[in-house]
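**Q**
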Amino acid sequence: MRSPEDRGLRESAIFNRAAIAAIQQAAETGIYDIRGWGAKRDVPHFDDLVFLGSAISRYPLEGYRERCDTDVTLGEMNASKPMKLDIPITIAGMSFGALSAQAKEALGRGASAMGTSTTTGDGGMTEEERGHSSKLVYQLLPSRYGMNPDHLRKADAIEVVVSQGAKPGGAGMLLGQKISERVAEMRTLPQGIDQRSACRHPDWTGPDDLTLKIQELREITDWEKPIHVKVAASRPYYDTKLAVAAGADVVVVDGMQGGTAATQEVFIEDVGIPTLAAIGPAVRALKEMGVHRKVKLIISGGIRTGADVAKALALGADAVAIGTAALIALGDNDPRWAEEYEKIGSAAGYYDDFQAGNDPAGITTQDPELAARLDPVEAGKRLANYLQVLTLEAQTLARACGKSHVTHLEPEDLVALTIESAAMTGLPLAGTDWIPGRNGGF
Amino acid sequence: METLTQTTVEFDLAEKPVRELNQELHNPTATNYKVLNPRGEHSVAVGINDPIEVEIEGDVGYYCAGMHQHGTVTVNGMAGPGVAENMMSGTVHIKGHASQSAGATAHGGLLIIEGNASTRCGISLKGGDIVVKGNMGSKSAFMAQAGRIVVCGDAGEDIGDSIFEARLYIRGEVASLGADCVRKEMREEHREELVQLLKDAGMEEEANDEAYVDSFTRYGSARTLYNF
């Protein structure tokens, strides 16, 4: 049978199939859609930038021989034990509860093999995670589920989570089907309830209180550990300034494409700004305060390739964090589960029902049988391979731009392919010296 | 901690910084500490992890005895916001009033407040116990998951909003209850735990007074918000 397009039928750009299906679903159930993944809409992204490389006016480094370092150190300003990462790519916070224990272990194994960090998530620290992560960032979240000073002391860094790119102004959700006995115990909640975390911290409000909260965390841990502050990309210029003023060693800015285990669709797609648009204001804030490259900037939300990593660094970030991409590397959306994805109404490459707890790949689940499908050793190797490729790609691009360290990449190495991305990043449109809104016409 | 002989060390915050105090308390060389001149300093005696006794002579700022474990901290004065936040075990005793978010997210231990507790007392409580001998402010016990709060005086508005399994015992008037928080039957097991909490808070006489114990009302979750 010929496709609708072949028969000359025209799909509405506004009421497309996804929009129609969403209306039909809402009409049928009266319940709004909750899902995982991140924003799926098409927004300006790193693909809209290209590196210029080198020619006569710029001198490249030899691609395979000349040194191009990738290490980054976090917390040098305040922490007596800064955290040194071998590569500028970290694993973002994802909870045990959202993910299986095997998946958390695999993240730890993969990251450790490459000398980088993983991050806990809502729900506390598990022994599997601590045991397999050579560098572990412990999150202090509004919910404080499983918050334990013993774990705080065991961490290599602490991350105060203010908000998340998938839901600025919202907070974690974990539906009842994923609240297993162990998860319930760790979160001090009845088994099987639909759990919605608090969206505000219980013991501080506003930037002045945050200063005191950071001071308390430093005092509890004897000023040993770097302290990150994570904010969703909504007002990155102001939030970065406030986080730095409050004493953060690291500011993590999570763009709207940042992933989630369970959030309302309307939140994922309609709140927050794209990652690409968030970097410039955050960097400007750091520069104005005289702390760029001292207080470190980690960018997350939609990082897929070494090119994305290199572009984020060139725009002024010190490192990136990956979540969704790390899960894909472990085995999420793998075609070998195609039949099972179909059975639950999805498809390999489209699966985003991380909230449902029936993940065929055994990653976003607490079902013991499904979770057992993921071999943490094998999945950890896949993640390490992927991190290796991201690093090699970023080094390749840095050398092509003549840089002996990936963080030496700079905005001057990039141009924008679209007017939107040029305006958002402050880079000139390719082939011109025009930056929309900055210096007049062509 | 190695077994220490009973000794008391005085630590004057007019002469030494809070940072030095906390580092001493994290590696204690004595069993008892007396802290002088706290003058509203923040993060006083945070992160204690040993069965030591710390007495603070004066008012403290934010987060006094934060994330407390095992020991006993007594504040002979007022406490600022977030006193004993996320405490895990041990006792924190405030002889004066406590500001907002007292005992926030406490997982264990006992927080005693001789005076009044401000707003958001016991917010997101996760298993700790709080006894407020005076009144307790609005929005207290918000999303409280587990543990007990005893209020010997009155309570403000929206008490226990979105509460989970924490139990509240309030003797006086409650201005209003929050969403999903309801008055509940006071069964014998509740009476017994209330009596024990009063005794633990040094209210032996009241705990043995049946009429006094009978004047409390229990509040908890109606459990209608547990599933979307």
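So the sequences go chain by chain: A and B.
So the first sequence is numbered by this note's numbering: it starts at 11 and just counts up by one.
So the second sequence is numbered by this note's numbering: it starts at 3 and just counts up by one.
Where a beta carbon is used, it is the ideal one built from N, C-alpha and C, also for glycine.
(1) May I have a chain-ordered list of the beta strand (DSSP E) segments no shorter than 3 residues that lie completely inside the stretch 112-157 of chain A?
(2) In whole angstroms, give me the CA-to-CA distance for A:F452 and A:L252.
(3) Please name the residue in B:G42, B:V62, B:N34 whose C-alpha comes closest to that of B:V56.
(4) Could you tell me the alpha carbon to alpha carbon distance between A:A65 and A:H418, rounded to whole angstroms?
(5) Kindly indicate if chain B contains any beta-carbon less than 8 Å away from that of A:I203.
(6) In whole angstroms, what separates the C-alpha of A:E349 from that of A:G46?
(7) Tell me the start and end of each unbroken beta strand (DSSP E) in the stretch 62-116 of chain B that is at least 3 residues and wholly inside, in chain order.
(8) Quick check on A:Q34: does DSSP put it in helix, strand or coil?
(9) With a floor of 3 residues, list each beta strand (DSSP E) that falls wholly inside the stretch 287-327 of chain A, ordered by position along the chain.
(10) Whose C-alpha, out of B:G155, B:G130, B:D163, is nearest the C-alpha of B:M145?
(11) DSSP puts B:S223 in a beta bridge; with which residues?
(12) Cβ closer than 8 Å: which chain A residues qualify as neighbours of B:P40?
(13) Tell me A:Q274's beta-bridge partners as DSSP assigns them.
(14) Using the beta-carbon count (16 or more within 10 Å), is A:M196 buried or exposed?
(15) Any idea which residues DSSP pairs B:N34 with across the strands?
(16) Would you report the Cα separation of A:D43 and A:E234, rounded to the nearest angstrom?
(17) Helix, strand or coil for A:M7, going by three-state DSSP, please let me know.
(18) What are the residues in the stretch 396-428 of chain A lying within 7 Å of chain B by C-beta distance?
(19) Let me confirm a value: B:I114 is counted as buried when at least 16 other C-beta atoms fall within 10 Å, else exposed. Which label applies?
(20) Just to check my reading of the structure: A:T100 and A:A329 have Cβ atoms closer than 8 Å, yes? What is that Cβ distance to the nearest angstrom?
(21) How would you write the range of the beta strand (DSSP E) that B:V133 sits in, first residue to last?
(22) Put A:K240 into one of helix, strand or coil per three-state DSSP.
(23) Measuring alpha carbon to alpha carbon, tell me which residue in B:M89, B:K18, B:F166 is nearest B:N51.
(24) Please confirm if B:F1 has its CB atom under 8 Å from at least one CB of chain A.
(25) Pull out every residue of the stretch 152-172 of chain B whose Cβ sits closer than 8 Å to any Cβ of chain A, in chain order.
(26) Based on Cα-Cα distance, which residue from A:F61, A:A208, A:S190 lies nearest to A:G179?
(27) Under 8 Å, Cβ to Cβ, is there at least one residue of chain A near B:P83?
(28) In this structure, how does DSSP classify A:T250 when only helix, strand and coil are distinguished?
(29) Using beta carbons (cut-off 8 Å, strictly below), is A:I313 in contact with chain B?
(30) Alpha carbon to alpha carbon, how far is B:Y231 from A:G372?
(31) Does the stretch 241-258 of chain A touch the stretch 134-142 of chain A, meaning 3 or more C-beta pairs lie closer than 8 Å?
(32) Pull up the distance between the alpha-carbon of A:D443 and that of A:A113, whole angstroms please.
(33) Give me, in chain order, the residues of the same chain whose beta-carbon lies closer than 8 Å to that of A:A32; leave out the 5 immediate sequence neighbours on both sides.
**A** Per the coordinate set shown:
(1) With a minimum length of 3 residues, the unbroken runs of beta strand (DSSP E) contained wholly in the stretch 112-157 of chain A fall at 146-150.
(2) Within the first sequence, the letter at position 442 stands for residue 452 of chain A. Within the first sequence, the letter at position 242 stands for residue 252 of chain A. With a pLDDT of only 44 at A:F452, under 50, the local geometry of the prediction cannot be trusted, and the value read off the model is given with reservation. Taking C-alpha positions only, A:F452 is separated from A:L252 by approximately 36 Å.
(3) As a position in the second sequence, residue 56 of chain B is number 54, starting the count at 1. Nearest option by C-alpha distance: B:N34.
(4) Counting from one through the first sequence, the residue named residue 65 of chain A turns up at place 55. Counting from one through the first sequence, the residue named residue 418 of chain A turns up at place 408. Using only the alpha carbons, I get a separation of about 18 Å.
(5) Within the first sequence, the letter at position 193 stands for residue 203 of chain A. Using beta-carbon distances, A:I203 counts as an interface residue toward chain B, with a partner under 8 Å.
(6) Residue numbering aside, residue 349 of chain A sits at position 339 when the first sequence is read from its first letter. Residue numbering aside, residue 46 of chain A sits at position 36 when the first sequence is read from its first letter. Linking A:E349 to A:G46 through their CA atoms gives a straight-line distance of about 20 Å.
(7) Considered as a whole, the stretch 62-116 of chain B harbours 74-77, 93-96, 112-115 as its complete beta strand (DSSP E) runs of no fewer than 3 residues, in chain order.
(8) Against the first sequence, residue 34 of chain A aligns to sequence position 24. The answer is helix: DSSP assigns A:Q34 an H, G or I state.
(9) Fully enclosed beta strand (DSSP E) runs of 3 or longer: 306-310.
(10) The residue labelled residue 145 of chain B in the question sits at position 143 within the second sequence. Considering only alpha carbons, the answer is B:D163.
(11) On the second sequence, residue 223 of chain B is found 221 positions in, with the first residue counted as 1. B:C183.
(12) Sequence index remark: in the second sequence, residue 40 of chain B carries index 38 (1-based). Neighbours of B:P40 on chain A: none; closest Cβ ~14 Å, over 8 Å.
(13) Against the first sequence, residue 274 of chain A aligns to sequence position 264. For A:Q274, which the question treats as bridged, DSSP gives the partners A:I44.
(14) In the first sequence, counting from the first residue as 1, residue 196 of chain A sits at position 186. Buried, because 16 or more other Cβ atoms sit within 10 Å of the Cβ of A:M196.
(15) The residue labelled residue 34 of chain B in the question sits at position 32 within the second sequence. Bridge partners of B:N34: B:T10, B:E55.
(16) Your numbering for residue 43 of chain A matches position 33 in the first sequence. Your numbering for residue 234 of chain A matches position 224 in the first sequence. The C-alpha of A:E234 is placed about 43 Å away from the C-alpha of A:D43.
(17) For residue 7 of chain A there is no data in the structure shown, the boundaries of chain A being 11 and 452.
(18) Residues passing the 7 Å Cβ filter: none.
(19) Here residue 114 of chain B refers to the residue found at position 112 when the second sequence is read from its first residue. Result: buried.
(20) The residue you call residue 100 of chain A lines up with position 90 of the first sequence. The residue you call residue 329 of chain A lines up with position 319 of the first sequence. A:T100 to A:A329, Cβ: 6 Å. Contact.
(21) Taking the first residue of the second sequence as position 1, residue 133 of chain B is located at position 131. It spans 128-134 - the beta strand (DSSP E) in which B:V133 sits, taken as one unbroken run.
(22) In the first sequence, the residue the question calls residue 240 of chain A occupies position 230. Under the three-state reduction of DSSP, A:K240 is assigned to strand.
(23) Counted from its first residue, the second sequence places residue 51 of chain B at position 49. In terms of CA proximity to B:N51, B:M89 leads the group B:M89, B:K18, B:F166.
(24) Nothing can be reported for residue 1 of chain B, as the shown portion of chain B is limited to 3 through 230.
(25) Per Cβ criterion, the list reads F166, E167.
(26) As a first step, residue 179 of chain A must be located in the first sequence, where it is residue number 169. Out of A:F61, A:A208, A:S190, A:A208 has the C-alpha closest to the C-alpha of A:G179.
(27) One-based indexing of the second sequence puts residue 83 of chain B at position 81. Output row for B:P83: interface = yes.
(28) Working through the first sequence from its first residue, we reach residue 250 of chain A at position 240. A:T250: helix per DSSP, three-state reduction.
(29) Position 303 of the first sequence, counting from 1, holds the residue named residue 313 of chain A. So no, A:I313 is outside the interface.
(30) The displayed coordinates of chain B run from 3 to 230. Any statement about residue 231 of chain B would go beyond what the structure contains.
(31) No contact exists between the stretch 134-142 of chain A and the stretch 241-258 of chain A.
(32) The residue given as residue 443 of chain A occupies position 433 in the first sequence. The residue given as residue 113 of chain A occupies position 103 in the first sequence. When rounded, the distance between both Cα atoms is 47 Å.
(33) Counting from 1 along the first sequence, the entry for residue 32 of chain A is found at position 22. Here the set comprises D43, E275.
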